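Residue numbers (UniProt numbering): 1 to 515.
Structure, rendered in structure tokens:
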């Protein structure tokens, strides 16, 4: 295991990897302009790309050495500090990609963006086909000895919804029995060890984490959008919910040049990876520069049927043969984006499309891709996160209430149909067939409720001869979806047209006797 990279910026030896001798341009490091500002900036771009390549080679070499001895590698190659590297490429050379997230605190790393450095590792795991994605978990510099499982649970749930599916406590210090309690500890970390006051009562907590991790390692993730983060140098992807896509009910990954060039193909209008993940859109960054190799691959993908969203690239980023390459870029972008710059572009090119100036949700809607999860009605404002995985038999949704207030009622609409939903509770391991739902042939609509910081799985299973679902409930106050807040006589209406009268003595959602 390699811990998080702490190196930020610095000067490195720059071998002539970019096709020219760098020596004449070294005064640029002293803020001197060589030839022109454009030339100097292109040299700096080449320098940063070279440093990024060298850092990635460091991870490649340590993986090579480990594999010779039958070992696997686990690397926090995604920070937490800014450094000159393509972190996605570095994670390619980690057998188990690793991010990190911090426990809640009022004094350090207060914002969610500061606490969750996980999206980069998750994206790397998805695009490079690494099913287990880990995280240094519950890192903290205070308060100490005050965190208990209830305090830690919502942080773990957020990490699971980010795509993390294997936790490593930061920290479990080894403290000899002869030392005074609470024993030796490292200053940074949530102190989770046998001297913690709640340790002897922690089996349920650890079992909860284990159940979540096991289920979230099944199948492959369902993701609609991939976002190209350009050169990937001096960039950091942090918190999933920073993106407006999450408010719209879609999931997304980041991709780098390596994956675009070497792994992406197009099938039936979808952008596909060898591990079975597919995307509806590739979104380009708001950047003027691009490598000619990536642009040529984008042209190929568009002609094969891909939808590419983003602005027209203007120029190359490096110094080598820049004038010639810039002419090639202009020729390709004129072909794809058209010769005139317009605020709104929606062009069919080959079998695919180039789109710019439209919102992502509008583009997906035009492709008939609805949100993976919709909240159709609710009893109050609330914050809900989710992640979706799928295998041949199941659609697996993990849902987490991110607030300490209960969600008494909400109808959730899932982008799946023809399957029977089950509620899997990771707290106690119970599985309940969800009899109350509406399958309209395209989506499944389910009434749900959540305890404060509550979370559970909804698993959709292919099942022959399934019982009809309950699609409406008529009770003491008339017709309402199946959140029963008072006892009394109810009439259940099934999807096959039959009805049934039942008596509820002590009503609460999911306690109806439907046998």
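Ideal Cβ positions, reconstructed from N, Cα and C, are used throughout, including at glycine.
Quantities reported herein were computed from a predicted structural model and do not represent experimental measurements.
Strand pairing of residue i, partner residues [DSSP]
i           : result
residue 270 : 267
residue 281 : 225
residue 451 : DSSP lists no partner for residue 451.
residue 399 : 386, 456
residue 377 : 411
residue 247 : The partner list for residue 247 (beta bridge, DSSP) is empty, contrary to what the question assumes.
residue 424 : 431, 457
residue 353 : 307, 348
residue 220 : 390
residue 253 : 226
residue 97  : 75
residue 446 : 412
residue 315 : 289
residue 439 : 444
residue 139 : 102
Cut-off 6 Å between Cβ atoms - residues of its own chain near residue i, not counting five sequence neighbours on either side
i           : result
residue 198 : 148
residue 353 : 307
residue 332 : 295, 299
residue 317 : 45, 289
residue 500 : 492
residue 346 : 355
residue 72  : 95
residue 477 : Residue confidence is low: residue 477 scores 48 on pLDDT, short of 50, so the model does not pin down where it sits. No coordinate-derived value is stated.
residue 511 : Interpretation of residue 511 is limited by its pLDDT of 37, a score under 50 that renders its predicted location unreliable; the figure taken from the coordinates is listed afterwards. Answer for residue 511: no residue qualifies.
residue 128 : 92
residue 301 : 266
residue 376 : 411, 413
residue 171 : 186, 189
residue 383 : 402, 403
Residues near residue i by beta carbon distance below 7 Å, same chain, minus five either side
i           : result
residue 513 : Residue placement at residue 513 cannot be trusted, given a pLDDT of 37 that sits under 50; the coordinates are not used to answer.
residue 462 : 393, 419
residue 326 : 315, 316
residue 442 : 417
residue 427 : 208
Candidates the options, of which the one nearest residue i by Cα
i           : options            : result
residue 406 : 453, 227, 425, 364 : 453
residue 286 : 273, 321, 228      : 228
residue 313 : 336, 110, 319, 323 : 336
residue 434 : 215, 456, 26, 60   : 456
residue 270 : 39, 293, 222, 57   : 222
residue 460 : 449, 432, 252      : 432
residue 425 : 41, 108, 399, 409  : 399
residue 416 : 401, 334, 439      : 439
residue 237 : 256, 224, 302, 430 : 256
residue 226 : 243, 214, 409      : 243
residue 600 : 21, 20, 41         : As shown, the chain starts at 1 and ends at 515. That puts residue 600 outside it, with no answer to give.
residue 138 : 91, 127, 115, 123  : 115
residue 154 : 401, 377, 448      : 401
residue 112 : 414, 240, 215, 396 : 240
residue 132 : 247, 212, 367, 37  : 212
residue 363 : 55, 214, 245, 171  : 245
residue 277 : 409, 125, 292      : 125
residue 466 : 108, 53, 292, 494  : 494
residue 252 : 22, 202, 348, 387  : 387
residue 282 : 329, 360, 339      : 360
Beta-carbon proximity list for residue i, same chain, < 8 Å, skipping 5 on both sides
i           : result
residue 297 : 260, 261, 264
residue 48  : 84, 231, 233, 234
residue 135 : 98, 99, 100, 101, 118, 121, 159, 164, 166, 167, 168
residue 344 : 356, 357, 358
residue 18  : 46, 49, 50, 318, 319, 320
residue 183 : 173, 175, 176, 193, 195
residue 444 : 413, 414, 416, 417, 419, 421, 437, 438, 460
residue 498 : 468
is_contact[residue i, chain D] using C-beta, thresh 8 Å
i           : result
residue 327 : No chain D appears in this structure, which consists of one protein chain only.
List in chain order: all unbroken alpha helix (DSSP H) runs of 4+ residues lying wholly within the segment 30–73. 37–68
Residue ranges of each beta strand (DSSP E) within the segment 157–209, 3 or longer: 166–169
Could you tell me whether the segment 157–168 touches the segment 187–198, where touching means 3 or more Cβ pairs closer than 8 Å? no
Quick one: any contact between the segment 289–308 and the segment 386–396, if contact means 3 or more CB pairs under 8 Å? no
Per the contact definition of three or more C-beta pairs closer than 8 Å, is the segment 102–110 in contact with the segment 52–68? no
At a cut of 8 Å, does the segment 85–98 reach the segment 137–148 through at least three beta carbon pairs? no
Counting Cβ pairs, one atom from each stretch, are 3 or more of them under 8 Å apart for the segment 202–219 and the segment 172–183? no
Every unbroken beta strand (DSSP E) inside the segment 87–137 [3 residues or more]: 96–102
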